[in-house]
Amino acid sequence: MGLRRLFAILIIVCRYRVDLLIPQERLPLQVRLFLRFGPWRLFPAPDISRGERLRLALEALGPIFIKFGQILSTRRDLLPDDIADELAHLQDRVPPFPSEQAVAQIEKALGRPVDEIFDNFDRQALASASIAQVHTATLKSGDKVVVKVVRPGIERTISDDVRLMAKIAELVERHLPDGRRLRPVEVVEDYQHTIYDELDLQREGANTSQLRRNFANSDILYVPEVYWDYTRRNVLVMERIHGIPVTDVERLRRDGTDMKKLAERGVEIFFTQVFRDSFFHADMHPGNIFIAEERPLSPQYIAIDCAIIGSLSDFDQYYLARNLLAIFQRNYREVAELHVECGWVPAHTKVHEFEAAIRSVSEPIFEKPLADISFGQLLLYLFQTARRFDMEVQPSLVLLQKTLLNIEGLGRQLYPQLDLWSTAMPFLEQWVRDRYSPQTMLRRVSHRLPGLLEQLPHLPESLLERGQLPQRGESEATRELFARFDAENRARERRSRNQRLAILALIAAALFTDPAISASLNELPPISIGLGLAAIYFFIRAR
């Protein structure tokens, strides 16, 4: 099946002469020879623009490649305008499948004829995308809704493409110098989970409901309601929204929209989702974003299509926030140290050399006005610089990196003078202050106190397993093993211990200086306070 798909891709490349779109100046000689004498040379170039040629090729290649084109369309700082304009049509001009198939899927999923479910159902698709298409309808209750239906047979097409991508990733990892560091196999596996999740409309409905709760009564983001009685794995019914497509910049300006505030609110929404909620919309291409019509001076976004959602662990949140702040503050030493500390580069990396490399790339960029600096482009430069330090791609951050690039590209399209730095930095600084304030730390410790008390009786066994307590009669080989373990982790444990001691100091400060907390503690039995402090002490010692 992989060979058949590969042959189909080759035919499409030949038909649209995609080879002519590849800049060949910096390619290796063997690649240039392959492009020059490949089979596509037998096909004439179509008499259409290069942008249209690329768009038609991506549509012919299928949903995975359409998704790639959607991402590219938001990066106008990387693409010529004619290609970016043409790729933008991938958002809403994918050919629909026959409405009869859509009706059949709805009736099979819901177990009733369409006429019994809806007062009115428009058989002409409102929009058609790579995975599904949307029809408008009216429920018997009178509520205006949209009905999203998965494309028939799409799962098999995606399976074939992902299998082919996995084989290519294996070849890249095995034969290219940077293959192992880039971890292409893990990236493909992560993308496979993501795109299969997008096929499950019940999961999309759950994501939509969660995002709607996170921004309930928000002035900056509205998320439509899901009608769960009519939602299944391949059918999703949700509230119909009315808004201006975010790509319709002319209409937004004609309506008097505050474009600066609109762009800044997009950045605020992104960072709020990532750091406040750790639950962010990770498919923020323009086809999924609208602007409310009735409030141009205080613009409100409307988000749809929540199939792809990203989430970060506390660890990733903490190190990401500190890395971004350090970059904003041009503190290259801290950027280098954080990369080593969180394991993004090997522990043996010489921090001063890594710092010098980061500085040499960043300083020329920072000489420009902040509004002219592309944060996404800076990240790409830093990634390229880190190659010689064996920096590994972090699959858990791939969605976030992609979404950040999309947000910046969209913001610059709306308001070219957008200063992402001044918009994001105050938010991150406040987040770090709030997260590590004495009150917040005490709340987090109080929340985890039952678990700490539960683990306390098992602490000696845990220390024994980690080699921190001696065992009677242990062998020389075992002692050497523990010694190697301690040598490799000594630096990390020192940092971890210092950090926790700092946390304990903050908690102590809160206990003695905050009247409200002191009053609350006075109401607790002394034995509870003593056990809690003992648990915290032993937890820090264990770490």
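For what it's worth, the numbering used here labels the leading residue of the sequence shown as 3, then goes sequentially. Yeah, the Cβ is synthetic: ideal placement off N, Cα and C, and Gly gets one too. Just so we're clear, the structure is a prediction, and the values are computed from it rather than from any experiment.
- In the DSSP assignment, Leu238 falls within the beta strand (DSSP E) that extends over Val237 to Glu241.
- For the pair Val228 and Ser211, the CB atoms are nearer than the 8 Å cut-off.
- The DSSP-derived three-state label of Val276 is helix.
- Boundaries of the alpha helix (DSSP H) harbouring Gln319: Asp316 to Phe330, taken from the DSSP string.
- Around the Cβ of Pro298, a 10 Å sphere holds 16 or more other Cβ atoms; the residue is buried.
- Assigned with DSSP and collapsed to three states, Pro154 falls in coil, not helix or strand.
- Each of Trp346, Arg17, Asp318 and Leu213 was checked against the Cα of Gln275, and the nearest Cα belongs to Leu213.
- By the neighbour-count definition (other C-beta atoms within 10 Å, threshold 16), Asn209 is a buried residue.
- For Ile85, the enclosing alpha helix (DSSP H) stretches over residues Asp83 to Leu89.
- Phe368 is a Cβ neighbour of Arg332, given a cutoff of 8 Å.
- When the beta-carbon positions are compared, Arg414 and Leu407 stay at least 8 Å from each other.
- Thr140 sits in a strand when the DSSP states are folded into three classes.
- Cβ neighbours of Asp163 within its own chain (closer than 7 Å, five residues either side excluded): Arg7, Gly64 and Ile66.
- Shown here, His350 sits in coil according to DSSP, grouped into three states, outside any helix or strand.
- Take the alpha-carbon of Ile197 and the one of Asp318: they are about 23 Å apart.
- Distances from the CA of Ala139 to each of Glu188, Val337 and Gln126 were compared; the closest alpha carbon is that of Gln126.
- Lys370 counts as exposed, since fewer than 16 other C-beta atoms from the protein chains shown sit within 10 angstroms of its C-beta.
- Counting C-beta pairs with one atom in each stretch, the region 159-173 and the region 117-126 have fewer than three that are closer than 8 Å, which means they do not touch.
- Ranked by Cα distance from Glu431, the first of Leu412, Ala388, Leu327 and Glu365 is Leu327.
- The C-beta distance from Ile329 to Val337 rounds to 6 Å, short enough to meet the 8 Å contact threshold.
- Taking 8 Å as the upper bound for CB-CB distance, Phe99 and Gln72 are not in contact here, some 19 Å apart.
- Judged by pairs of C-beta atoms under 8 Å, the region 237-255 does not touch the region 277-287, as fewer than three such pairs exist.
- For Gln302, DSSP assigns no beta-bridge partner whatsoever.
- Judged by beta-carbon spacing, Ile310 lies beyond the 8 Å limit of Phe281, meaning their Cβ atoms are not closer than that value.
- With distances taken between CA atoms, Phe292 lies nearest to Ile304 out of Lys352, Ser300, Ile304 and His283.
- Between the alpha carbons of Arg235 and Val148 lies a distance of about 16 Å.
- When the beta-carbon positions are compared, Leu89 and Gly113 stay at least 8 Å from each other.
- Restricting attention to alpha helix (DSSP H) runs no shorter than 4 residues, the region 96-139 encloses them at 101-112 and 116-119, ordered along the chain.
- Pairing Glu339 with Glu172, the inter-Cα distance amounts to about 32 Å.
- Counting of Cβ neighbours within 10 angstroms places Asn219 among the exposed residues, the total staying below 16.
- Counting along the chain, Pro247 sits inside the beta strand (DSSP E) bounded by residues Gly245 to Pro247.
- A direct Cα-to-Cα measurement between Ser315 and Phe272 gives close to 16 Å.
- A Cβ-Cβ separation of about 7 Å places Pro301 in contact with Arg267 under the 8 Å criterion.
- In its chain, beyond the 5 residues on either side, Ala284 and Met286 have a beta carbon closer than 6 Å to the beta carbon of Thr405.
- By the neighbour-count criterion, in which a residue is buried when 16 or more other Cβ atoms sit within 10 angstroms of its Cβ, Ile85 is buried.
- If the five residues before and after Val434 are omitted, its C-beta is found closer than 8 Å to the C-beta atoms of Ala323, Arg324 and Leu327, all from its own chain and listed in chain order.
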